[in-house]
Structure formats: C-alpha cells, structure tokens
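First up is the structure itself, then whatever we jot down about it.
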Ligand SMILES: [Mg+2]
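Numbering (the working numbering), first residue to last: 1222 to 1390.
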C-alpha cells in the first residue's frame, strides 16, 4: 500500500543531477509550455536574495529553448520578490507546496493543461508531491547545498528510505 502511494504521489517522473543536465530540448519537443522552478536548493542556496552564476546560467539555458519559467517557492514574499527580480522571471511566493492552489491557478491563467507543465525541485514532500497532485510532469534534482535545517534533513532520510526500498537502480 505504501509502495502504491509512493508511486502515485511521490515518485518523480524524472531525476537529474541539476538544472544544467536536464534535457530541456526533449521536454520542449514533448510539448512542455511552462517550467515551475523551486528556489531553495534547486536554483539557489537556502535563504539567498540574489541569483548567483549557476542560477543565471540555468535560467538562460531554459529560456534558450523558449520555455517560460515560473519560480514557485514556499518562502515569504519579500525575499522571493528580490530573488526573482534578480533573474527577471515571474514568480509565486508562499506557494504552500504540496498544496496545488497556486500551481493550478497559474496553469488556468495561461490556458494550459497540467501535463504541459514541468515541476522541478529538490524535495519530494513539497515540490514533487505538489507537482504530482496538480498533474504536472515532475523532475527531481539533487540538492545544491548540503547545509540544511533539521526538519529538511529528516525528510531527506525518509526520501532515501523510499528510494532504496522502491527503486531498483
Ligand atoms: Mg527546495
């Protein structure tokens, strides 16, 4: 039962090392029209207000395939506003992932279907779960930085347990 729940709700459709190794051309060819991007530990160091070189490179790579980006973070609005402005991309703060309200709102606003959107993040219990619930295609990337808060470290342990148990790789 736990296995079924994992596969239906939590198992990322794809896993990549980082944003630079994702095959964006393939997703573009598959009909993806919007990329939801998590910030902390996906694009940026936890808590940062300004994009670094990696984030700039990732955003210009994605945009080079003509894929629009929407930054989606659970963090508070003023930091996310600063961060998104430093990259000049649209954003939604306080997204409340794994809640899907803001994701579905954005998808409806752009007249898309959920399966035409990608959700990219480093955490199963926020990014991937939200994406799966909303019906997006989900990509999990490895966390950029290891120095994380204790509650995130606990979730990592649970993630590793699920991966080890249910994936043959
Ligand atoms: Mg994150």
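For glycine and all other residues, C-beta sits at the position ideal for the given N, C-alpha and C.
Can you say whether residue i is buried or exposed, counting buried as having 16 or more other CB atoms within 10 angstroms of its CB?
i            : result
residue 1242 : exposed
residue 1250 : exposed
residue 1299 : exposed
residue 1348 : buried
residue 1222 : exposed
residue 1293 : buried
residue 1240 : buried
Under 8 Å by Cβ, that's how I've got residue i and residue j pegged, so tell me the actual separation to the nearest angstrom.
i            : j            : result
residue 1259 : residue 1341 : 7 Å
residue 1388 : residue 1238 : Contact flag wrong, Cβ pair sits at about 16 Å.
With distances taken from each beta carbon to the nearest heavy atom of ligand 1, which residues come in below 6 Å, in chain order?
1259, 1261, 1262, 1263, 1342, 1343, 1344
Counting pairs of beta carbons, one from the region 1372 to 1384 and one from the region 1270 to 1279, are three or more of them closer than 8 Å?
no
Every unbroken beta strand (DSSP E) within the region 1276 to 1321, with a cutoff of 3 residues, ordered by chain
1290 to 1293
With a threshold of 8 Å, are at least 3 pairs of Cβ atoms found where one atom belongs to the region 1225 to 1245 and the other to the region 1296 to 1315?
no
List, from N- to C-terminal side, the beta strand (DSSP E) runs of 3 residues or more that fit wholly inside the region 1336 to 1366.
1338 to 1342, 1358 to 1362, all fully within the region 1336 to 1366.
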